[in-house]
Amino acid sequence: MSEPNRIPIPDEISNESIRTFVSEWAKITEPERIELVSAADDARLINEALAAGELFPAGDNRYYSRSHPGDTARSEERTLVATSNPADRGRYNNWQPTAEVKPQLIERMRGASRGKTMYVVPYLMAPTGSPLAPYAAGVELTDNRGVVLQMIRMARVGIDHFATLTDPDFFVRGVQVTGNPDALGHGTANDQRLFATIADERTILHFGSAYGGNALLGKIAHALRQASYDGRSSGRFLAEQFLLLGVRDLETGKTAHICGGFPSASGKTNLAMTLPPQALGERYRVDFYGDDIAWMWVDDDGCLRAINPENGAFGVAKNTNELTNPTAMEAIAPGSGAIFTNTAYNERTGEVWWEGLTPQPPANLDGWLDWTGASIAERQPAEQSAPWAHPNSRFTVALDRIPNLAADAADPAGVVVDAIIFGGRTRDREPLIRAIETVADGVYDGLTLGAEATFAAEGLDGQLRYDPMSMRPFFSYSEGRYAQHWLDVLSQVRQLPVFAHVNWFQRAPEDGHYLWPGYRENLRALNWLMQYRAGDVHGQQTPVGVIPTAAELDLSGLEIPAADLEQLLQIDTDRWMEECQYRQEHLAELPDLPAEIWDAHRKLRAALAEQASVAEPSASAITGE
Numbered sequence: 044m045s046e047p048n049r050i051p052i053p054d055e056i057s058n059e060s061i062r063t064f065v066s067e068w069a070k071i072t073e074p075e076r077i078e079l080v081s082a083a084d085d086a087r088l089i090n091e092a093l094a095a096g097e098l099f100p101a102g103d104n105r106y107y108s109r110s111h112p113g114d115t116a117r118s119e120e121r122t123l124v125a126t127s128n129p130a131d132r133g134r135y136n137n138w139q140p141t142a143e144v145k146p147q148l149i150e151r152m153r154g155a156s157r158g159k160t161m162y163v164v165p166y167l168m169a170p171t172g173s174p175l176a177p178y179a180a181g182v183e184l185t186d187n188r189g190v191v192l193q194m195i196r197m198a199r200v201g202i203d204h205f206a207t208l209t210d211p212d213f214f215v216r217g218v219q220v221t222g223n224p225d226a227l228g229h230g231t232a233n234d235q236r237l238f239a240t241i242a243d244e245r246t247i248l249h250f251g252s253a254y255g256g257n258a259l260l261g262k263i264a265h266a267l268r269q270a271s272y273d274g275r276s277s278g279r280f281l282a283e284q285f286l287l288l289g290v291r292d293l294e295t296g297k298t299a300h301i302c303g304g305f306p307s308a309s310g311k312t313n314l315a316m317t318l319p320p321q322a323l324g325e326r327y328r329v330d331f332y333g334d335d336i337a338w339m340w341v342d343d344d345g346c347l348r349a350i351n352p353e354n355g356a357f358g359v360a361k362n363t364n365e366l367t368n369p370t371a372m373e374a375i376a377p378g379s380g381a382i383f384t385n386t387a388y389n390e391r392t393g394e395v396w397w398e399g400l401t402p403q404p405p406a407n408l409d410g411w412l413d414w415t416g417a418s419i420a421e422r423q424p425a426e427q428s429a430p431w432a433h434p435n436s437r438f439t440v441a442l443d444r445i446p447n448l449a450a451d452a453a454d455p456a457g458v459v460v461d462a463i464i465f466g467g468r469t470r471d472r473e474p475l476i477r478a479i480e481t482v483a484d485g486v487y488d489g490l491t492l493g494a495e496a497t498f499a500a501e502g503l504d505g506q507l508r509y510d511p512m513s514m515r516p517f518f519s520y521s522e523g524r525y526a527q528h529w530l531d532v533l534s535q536v537r538q539l540p541v542f543a544h545v546n547w548f549q550r551a552p553e554d555g556h557y558l559w560p561g562y563r564e565n566l567r568a569l570n571w572l573m574q575y576r577a578g579d580v581h582g583q584q585t586p587v588g589v590i591p592t593a594a595e596l597d598l599s600g601l602e603i604p605a606a607d608l609e610q611l612l613q614i615d616t617d618r619w620m621e622e623c624q625y626r627q628e629h630l631a632e633l634p635d636l637p638a639e640i641w642d643a644h645r646k647l648r649a650a651l652a653e654q655a656s657v658a659e660p661s662a663s664a665i666t667g668e
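Throughout, our numbering is defined as the position within the sequence shown, counted from one, plus 43.
If you want it as structure tokens, here you go:
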């Protein structure tokens with residue numbers, strides 16, 4: 044079945060649509076050979092990568108890789124969504140017309156894989172048999188063996204998955220071409236890197252990076268950008284950057300399933316992989332489903348269901364340790380098959396290290412190389428304080444290595460969603476948890492989600508960097524139509540999940556200490572939420588939602604000062620009024636916003652104004668004014 048005068052396409056590829064796709068791009072990129080891969084090829088590819096110096100041993104069945112120093116993170120400014128419809132332009136999606144973007148990418152990719160192997164990676168971003176499986180099938184063509192190895196850990200890889208599809212010709216077509224890293228002009232006016240999801244053609248073209256977020260096309264480009272577009276186009280589902288976990292009450296046997304969106308550095312992975320507080324460990328178990336992406340749809344019974352489309356975890360190494368995330372540490376232990384990228388590496392012992400793994404770096408510097416491959420022992424005095432690991436260093440590991448993986452994580456039926464939570468990193472204003480009463484208010488809260496960063500340096504002290512639904516870098520069409528799709532999908536749900544906002548990062552204004560211990564203790568807030576949904580607790584009504592009373596929180600085994608608890612469970616009306624003005628400006632930037640969202644905003648503002656007017660006379664009475 045080889046095609047004359049062309050590079051032979053493996054006979055195992057019998058799907059004519061895949062063969063045509065491979066043939067078309069082989070003519071453009073001009074690889075030396077074409078290889079079909081599956082998960083069964085992992086060990087062979089690992090050995091080949093070790094022999095080629097692309098991987099290094101990091102102990103028992105663990106491996107280390109180092110990327111090009113200019114290729115260490117997702118490049119949002121070089122990432123586009125392209126369609127033929129200008130109405131898809133949003134505030135954050137870097138929309139460009141397909142007619143302009145696609146020719147640019149084809150030209151950059153032309154001949155760029157000469158001398159390399161084109162790996163054909165068929166994959167499924169959903170459990171086999173899922174109702175969303177038709178939207179989960181994809182084929183990634185890549186000229187980078189490291190990308191293949193990471194995809195094997197992150198997706199269900201193999202041509203056999205296509206045999207289970209009702210339409211094996213309906214799949215996402217992805218092409219990743221690495222290019223010459225030294226000639227790409229990283230960060231210059233002549234930067235050649237370009238990453239585009241051509242959403243209405245279900246095609247993903249990425250040029251100039253072999254780093255995970257830019258190169259693992261099944262993950263962000265397919266499972267978020269493309270899937271979000273498909274979800275709206277079909278009217279069938281939501282694709283979100285959400286964690287998915289289950290909290291099982293061992294006494295009753297019931298499990299509550301919670302989805303949640305969190306901006307970067309707001310504790311999403313740690314929450315997804317959390318364990319119960321030690322004092323409650325005999326009563327509760329936390330089941331892990333996913334730490335990054337959830338697809339949600341309404342089943343025939345009117346229940347909102349969710350799956351994690353990924354088959355692995357691509358975690359940030361920095362500050363991952365036995366305290367912050369013991370689950371992750373067990374998942375990436377020796378024997379796990381984990382791949383570490385851009386951590387520090389000891390070429391003599393095979394150890395890896397990153398900032399936060401231990402309180403101090405190893406004292407014996409013999410053999411230690413930093414993330415660039417430079418000897419740490421030979422650093423000059425001015426270099427001594429430089430990080431050993433890149434701040435965005437990563438570990439990649441298969442889902443089945445996570446010790447508290449839910450028994451039904453691969454169930455194609457998914458799980459019923461009981462709660463949808465949002466959580467940012469804010470030092471004040473946001474209480475520990477607040478339940479939100481209506482769908483419109485919940486979607487509004489998600490659209491105004493944000494987190495504090497280094498705003499003081501930017502002259503924006505107290506203002507959030509808004510990250511709507513934690514999807515800011517991943518929107519594939521306008522934010523307003525996205526919000527409307529949320530409202531449309533949830534209008535079909537008979538028993539709605541409860542919405543809530545959480546905040547683990549409140550600080551005392553006097554000395555800056557965290558008011559809440561976080562980590563495992565966060566489960567206490569989630570338990571309250573499920574009790575509230577069941578009607579077992581009632582909380583206290585505030586303008587921004589229902590918050591717990593101190594007596595309603597199960598704090599057994601937890602010592603927390605009464606003053607801290609009081610501050611965690613109160614609303615600063617003045618700060619919220621200030622926040623409302625920021626939200627007004629933020630929402631005004633989002634095109635096509637539904638009237639229901641503006642109504643929710645006005646309702647919040649009015650409730651805060653009423654609260655302020657009630658509080659003012661009270662204060663006057665106390666002071667005698």
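The beta-carbon is built from N, C-alpha and C at its ideal position, and this holds for glycine as well.
None of the values given here were measured: they were computed from a predicted structure.
Assignment of beta-bridge partners to V124 by DSSP yields W138, T240. Under the DSSP assignment, P165 falls in the beta strand (DSSP E) whose first and last residues are 160–167. When the beta-carbon positions are compared, F250 and M161 stay at least 8 Å from each other. Within 10 angstroms of the beta-carbon of H204 lie 16 or more other beta-carbons, which makes it buried.
Sequence-distant partners of E632 (beyond 5 residues in either direction) whose C-beta falls short of 6 Å from its own C-beta, in its chain, are R134. Burial state of T231 is exposed, judged by a 10 Å Cβ sphere holding fewer than 16 other Cβ atoms. If only complete runs of 4 or more residues are kept, the segment 370–444 shows no alpha helix (DSSP H) anywhere. DSSP lists T384 as the bridge partner or partners of S108. Just so you know, the alpha carbons of R105 and I336 end up roughly 25 Å apart. Put simply, the backbone Cα of L267 is about 43 Å away from that of N407. V657 counts as exposed, since fewer than 16 other C-beta atoms from the protein chains shown sit within 10 angstroms of its C-beta. Between A82 and G201, the C-beta gap is smaller than 8 Å, which places the two residues in contact. By alpha-carbon distance to E390, the top candidate from E473, A86, G102, M194 is G102.
In this structure R537 is exposed. Its beta-carbon is surrounded by fewer than 16 other beta-carbon atoms within 10 angstroms. Where D607 is concerned, there is no enclosing beta strand (DSSP E), although the alpha helix (DSSP H) around it starts and stops at 605–611. No Cβ-Cβ contact shorter than 8 Å links V218 with M194.
A Cβ-Cβ contact shorter than 8 Å links V329 with N447.
In this structure, H300 lies away from V144, with their beta-carbon atoms at least 8 Å apart. Per DSSP, the continuous beta strand (DSSP E) segment holding W340 begins and ends at 337–341. In the three-state reduction of the DSSP assignment, V191 falls in the helix class, which pools H, G and I. With a cut-off of 8 Å on Cβ pairs, the segment 362–381 is in contact with the segment 434–453, counting three or more such pairs.
In this structure, the alpha-carbon of G355 lies about 42 Å from that of R648. Burial state of F542 is buried, judged by a 10 Å Cβ sphere holding 16 or more other Cβ atoms. Following the DSSP letters along the chain, one finds V65 inside the alpha helix (DSSP H) bounded by residues 59–72. For R245, the three-state secondary structure derived from DSSP is coil.
DSSP places V486 in the uninterrupted alpha helix (DSSP H) bounded by 482–490. Apart from the 5 residues on each side of it in sequence, L601 sits with its Cβ closer than 8 Å to the Cβ of P320, A322, P560, E564, R567 in its chain, given in chain order.
DSSP, reduced to helix, strand and coil, places H204 within a helical segment of the structure shown.
Beta bridge pairing from DSSP links V182 with P165, R216. Ranking D342, D225, F305 by CA distance to the CA of L287 puts F305 first.
Secondary structure of Q583 (DSSP, three-state): strand. When the five nearest sequence neighbours on each side are left out, the beta carbons in the same chain lying within less than 6 Å of the beta carbon of E78 are those of T160, Y162, in order along the chain. For L448, DSSP records a beta bridge to F331.
Note that the C-beta distance between M197 and A179 is not below 8 Å.
Counted as a single uninterrupted DSSP element, the beta strand (DSSP E) harbouring V589 occupies residues 588–590.
Assignment of beta-bridge partners to R626 by DSSP yields no partner.
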